[in-house]
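Numbering (my numbering), first residue to last: 20 to 92.
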């Protein structure tokens, strides 16, 4: 898991909606990190996982426990 600040709703007056902080599993993080030609990554900044941000991937719904289980297989 990673905690990332991502591009959000830039038309909003709230900075928390402009650049929301989300939790992503390793798989979703890797997919978001892959930059296609002519595009930018949706990730602005990243940090190591901190459980205070929650334990579920914002994109696919995978939990920390499920991710750990996958790694041990």
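Beta carbons: idealized from backbone N, C-alpha and C, even for Gly.
The beta strand (DSSP E) enclosing residue 86, as first and last residue numbers | On the chain shown, position 67 is the one that residue 86 refers to. For residue 86, no beta strand (DSSP E) segment is defined; the enclosing uninterrupted segment is the alpha helix (DSSP H) at 83-90.
Three-state class that DSSP yields for residue 50 in the structure shown | Sequence index remark: in the chain shown, residue 50 carries index 31 (1-based). Residue 50: helix per DSSP, three-state reduction.
State yes or no: is the C-beta of residue 41 within less than 8 Å of the C-beta of residue 25?
-> For this step, residue 41 is matched to residue 22 along the chain shown. For this step, residue 25 is matched to residue 6 along the chain shown. In this structure, residue 25 lies closer than 8 Å to residue 41 by Cβ.
Of the residues 22, 53, 56, 49, the one placed nearest residue 38, counting alpha carbons only | As a position in the chain shown, residue 38 is number 19, starting the count at 1. Of 22, 53, 56, 49, the residue nearest in Cα terms is 22.
Could you give the distance in angstroms between the alpha-carbon of residue 91 and the alpha-carbon of residue 72?
-> As a working mapping, residue 91 is identified with position 72 in the chain shown. As a working mapping, residue 72 is identified with position 53 in the chain shown. Between residue 91 and residue 72, the C-alpha separation is close to 24 Å.
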